[in-house]
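Heads up, the thing below is written out as structure tokens.
2 protein chains.
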Amino acid sequence: MPARVTTLKELAASLGLSITTVSRALAGHQQIALKTRERVAQAARQAGYVANTAARTLVSGRSGFVGLVLPIRGPHLVDSFLGEFVTGLGEGLVAHGADLILATAAQDQAELAVLRHVVESGRADGVVITRIAEVDERLAYLRNRGFPFVAHGRLLDSDFAYNWLDTDGAHAFGEAFDMLYDLGHRHFGLVTISEPMTFRHLRQDGLAAAIARRGDPSVRLDVATASRFDRGARIQAVNRLLQGPSRPTAIIALFDELALTVMEEAARTGLTVPRDLSVIGFDNVLASAYAPPGLTTFDASIRQCAREIADMLLTIIAEKPAEPLTRLIRPALVSRASHGPAPRTRKMTPA
Amino acid sequence: MPARVTTLKELAASLGLSITTVSRALAGHQQIALKTRERVAQAARQAGYVANTAARTLVSGRSGFVGLVLPIRGPHLVDSFLGEFVTGLGEGLVAHGADLILATAAQDQAELAVLRHVVESGRADGVVITRIAEVDERLAYLRNRGFPFVAHGRLLDSDFAYNWLDTDGAHAFGEAFDMLYDLGHRHFGLVTISEPMTFRHLRQDGLAAAIARRGDPSVRLDVATASRFDRGARIQAVNRLLQGPSRPTAIIALFDELALTVMEEAARTGLTVPRDLSVIGFDNVLASAYAPPGLTTFDASIRQCAREIADMLLTIIAEKPAEPLTRLIRPALVSRASHGPAPRTRKMTPA
DNA sequence: AGCAAAATTTAAAACGTTTGCAATTTCGAA
DNA sequence: TTCGAAATTGCAAACGTTTTAAATTTTGCT
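These protein sequence lines map, in sequence, to chains A and B.
Going by this note's numbering, the letters in the first sequence line up with residues 417 to 767, in that order.
Going by this note's numbering, the letters in the second sequence line up with residues 417 to 767, in that order.
Set out below in structure tokens:
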């Protein structure tokens, strides 16, 4: 078994070369004789030498890490978003030899403070931020700081440009409306959340725009709002829609979790999906395939998006492009069995 | 807006103190006058000073990171394991100010090589390894290297002790058998995988032990095996169990994904769960709650386990306990609607 | 053989922090 | 006052690497 070589100094000594030469040889500099480069590479491989990250980072100013702040959420992690996102980032990063660092923000701790810490400590060369809020201090901070970042999601309007990748929720919601309209639906319901996330507005606006495009005054839209994290309130909101004197024939939910609640409540109150009610979600979470009769939804392909975000960020770090990079991904309709033609006769909700 | 203070040197200069004093003051050393400590803390806070991680790591030998190697899996990430695991680790780490680094192993790249790189580069003070294989070179490497680690899962037998946390799959499978036996089932099916993971043996052995404990010769167990990653083969294996001349009245699946396949295939071939067939899974993935009629399974509470793993690892790093830490978590039965009394009359499979 | 240019190697500084040891200041008692 | 001890602060080395600038060796020509 080979002697444990931990440092460049030891490796250099064992080769009878200077630290400088070994360092350069390993980095593949042309100025080092080919024969020497090979000899060094061979010795390093055999000794299992790996350069110390801290030392390299300290002198080069590059850590080779990309940061992601992980907000601790409630006890029920109901989707695979994080897993897919992280996997996608990993895939994107590994191609360039970069790694991911995940800094956790404790529940009471502002996410901004953790982000700041990651940036100021030099742990990462760039960061990814997700779940963009209407007024997002992270964006302002990173922008002021001039620190490389890519946002997953967008601001509604901003007086500055930045790098982002977003799924085109507006387009998806327009598509959902058009499809349902063509199936004869005229009375729509929208289940949405009260949290100030921008994706909510983007999707709602896309729906409103699609409605406006039709110019059909008989189209009606009822909106029910609840907190994202309060399951009880969500169920209540859904039932406000379902139990009114006149009930929508089609409900579009801001995301699958809400759509699944709609389907559960519909079933509980004796409605059959899609005969009595069409439901469309967004995200294509795993459960949407299993929840009967199968939820029609949009696939945002989180993993693929994350991979592209990683690519974008590495490009930004390496090349500092003058123009910001932006990318709008059109989500794909996943047509399952939760939507269908509008019912002919308006049935009242069963008592 | 305060001048940007990036280094200790600048902060010290602005305070008229030496670097040493400021460093010690920030570290809270008693030998520095309280008044000075307060003055320094105030200035640091106001300037937003954060110590450079690379420099600190280099000199102290501690990075404050815990590593996890992320194997890239197939295109379909069907569960929320990674997300929950990472969230749990984050929760456990944040309490001690540690962060997580995720190193991705490209598909063709051996996970061991990536692990080695993480360890040898000094990026992490300890690592977590998951999905323990029957013969696991990672364990041997870390052990030889004397590097702090915690395994999520166990070897079947080993000639050395190490730190691990595992869910007691053997107990769960015994419990599942006992419950089904008491419901009158005598003919069992087991759907398992061909991959050499230890958890497979632990669970199967638990089942075998429970069967042996009953000492009832009328108990019969059919086993179907398929690759974890080949959906077609999995479906075939399930159907071998379902379509035989005499079919089990209860099927236990190694994990939920297989159990869901059983339920799908049962429904497809006209069997009603749980009237004709009881099905029990393991993991309690999200979809198991939605897949009709609701899968009875065991909840391994990945998130909680991960949090404990983080705690264990930080303890190991800080205190280097002489005895290895081990922890066996008993998974909780999640009783849904996929199991019931054994059918009275043996129905043949419908043609 | 001798010399300039090219090729190859090296010494030393720098990155920003922690820390052993020494220097300085403060303070109470003689 | 003055002295010694205690309290407080500072110098300088060290961590392991990259990189600038300079030194050394080799090569090609005459």
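Where is the CB? At the ideal position from N, CA and C, for every residue including glycine.
Rounded C-beta distance between residue i and residue j? I'm assuming under 8 Å.
i: Glu-591/A; j: Leu-749/A; result: 6 Å
i: Val-482/A; j: Ala-514/A; result: 6 Å
i: Ala-540/A; j: Leu-555/A; result: With 8 Å as the limit, Ala-540/A and Leu-555/A do not qualify as a contact, their Cβ atoms being about 17 Å apart.
i: Asp-672/B; j: Asp-699/B; result: 4 Å
i: Gly-508/B; j: Ile-718/B; result: Wrong, their Cβ atoms sit about 12 Å apart, outside the cutoff.
i: Phe-593/B; j: Ala-640/B; result: So it is not a contact: roughly 17 Å between Cβ atoms.
i: His-755/B; j: Ser-694/B; result: 4 Å
i: Leu-518/B; j: Leu-518/A; result: 6 Å
i: Ala-460/A; j: Leu-427/A; result: 6 Å
i: Arg-496/A; j: Asp-495/B; result: Here the sequence assigns Ser to residue 496/A, which means Arg is not the residue at that position. So it is a contact: roughly 7 Å between Cβ atoms.
i: Ala-522/B; j: Ile-488/B; result: 6 Å
i: Gly-444/A; j: Arg-453/A; result: 7 Å
Look at the alpha carbon of residue i and the alpha carbon of residue j, and state the distance between them as a whole number of angstroms.
i: Val-543/B; j: Arg-602/A; result: 57 Å
i: Ala-682/B; j: Thr-712/B; result: 15 Å
i: Leu-571/A; j: Asp-715/A; result: 22 Å
i: Leu-670/A; j: Gly-697/B; result: 31 Å
i: Ala-753/B; j: Ile-667/B; result: 14 Å
i: Pro-747/B; j: Val-530/B; result: 31 Å
i: Leu-741/B; j: Leu-730/B; result: 12 Å
i: Ser-662/A; j: Arg-650/A; result: 20 Å
i: Ala-549/B; j: Thr-614/B; result: 5 Å
i: Arg-616/A; j: Asp-582/A; result: 13 Å
i: Pro-757/A; j: Met-679/A; result: 17 Å
i: Thr-665/A; j: Cys-721/A; result: 33 Å
i: Arg-559/B; j: Tyr-578/B; result: 8 Å
i: Pro-564/B; j: Ile-545/B; result: 11 Å
i: Gly-562/A; j: Arg-532/A; result: 12 Å
i: Val-456/A; j: Val-438/A; result: 6 Å
i: Ala-419/A; j: Ala-734/B; result: Because the pLDDT at Ala-419/A is just 47, under 50, the model does not fix this residue reliably, and the value given afterwards should be weighed accordingly. Rounded to the nearest angstrom, the two C-alpha atoms are 27 Å apart.
i: Gln-652/B; j: Gly-490/B; result: 20 Å
i: Leu-431/A; j: Gln-447/A; result: 18 Å
i: Ser-604/A; j: Trp-580/A; result: Residue identity differs from the one stated: residue 604/A is Phe in this sequence, not Ser. Straight-line Cα distance between these residues: approximately 32 Å.
Grouping DSSP H, G and I as helix and E and B as strand, with all else coil, what is residue i?
i: Phe-380/B; result: Residue numbering for chain B in the displayed model covers 417 to 767; residue 380/B lies beyond these limits and cannot be assessed.
i: Phe-671/B; result: coil
i: His-380/A; result: For residue 380/A there is no data in the structure shown, the boundaries of chain A being 417 and 767.
i: Thr-712/A; result: strand
i: Phe-576/B; result: coil
i: Thr-765/A; result: Any reading at Thr-765/A must be qualified, since the residue scores a pLDDT of 46, below 50, and its modelled position is unreliable; the value itself is stated next. Thr-765/A falls in the coil class under three-state DSSP.
i: Ser-704/A; result: helix
i: Asp-495/B; result: coil
i: Leu-442/A; result: helix
i: Val-678/A; result: helix
i: Gly-542/B; result: strand
i: Ala-748/A; result: strand
Check whether the Cβ atoms of residue i and residue j lie closer than 7 Å to each other.
i: Leu-442/B; j: Leu-474/A; result: no
i: Val-654/B; j: Thr-685/B; result: no
i: Asp-638/A; j: Leu-657/A; result: yes
i: Arg-644/B; j: Ile-609/B; result: yes
i: Leu-516/A; j: Leu-505/A; result: yes
i: Leu-486/A; j: Thr-520/A; result: yes
i: Ile-435/B; j: Lys-425/B; result: yes
i: Asp-573/A; j: Leu-744/A; result: no
i: Leu-618/B; j: Ala-586/B; result: yes
i: Leu-702/A; j: Gly-499/B; result: no
i: Val-466/A; j: Ser-537/B; result: yes
i: Asp-692/B; j: Pro-737/B; result: no
i: Ala-707/A; j: Tyr-706/B; result: yes
i: Ala-470/B; j: Ala-470/A; result: yes
I want to check one thing, is the minimum distance from the CB of residue i to the heavy atoms of the ligand ZN below 6 Å?
i: Val-510/A; result: Within the structure as shown, the ligand ZN is missing, as the structure has no ligands at all.
List the residues that DSSP assigns as beta-bridge partners of residue i.
i: Thr-520/B; result: Leu-486/B
i: Phe-604/A; result: Leu-637/A, Ala-666/A
i: Asp-699/A; result: Asp-715/A
i: Arg-743/A; result: Leu-581/A
i: Met-613/B; result: Ala-549/B
i: Leu-555/A; result: Per DSSP, none; premise fails for Leu-555/A.
i: Asp-515/A; result: Phe-481/A
i: Ser-694/A; result: Ala-666/A
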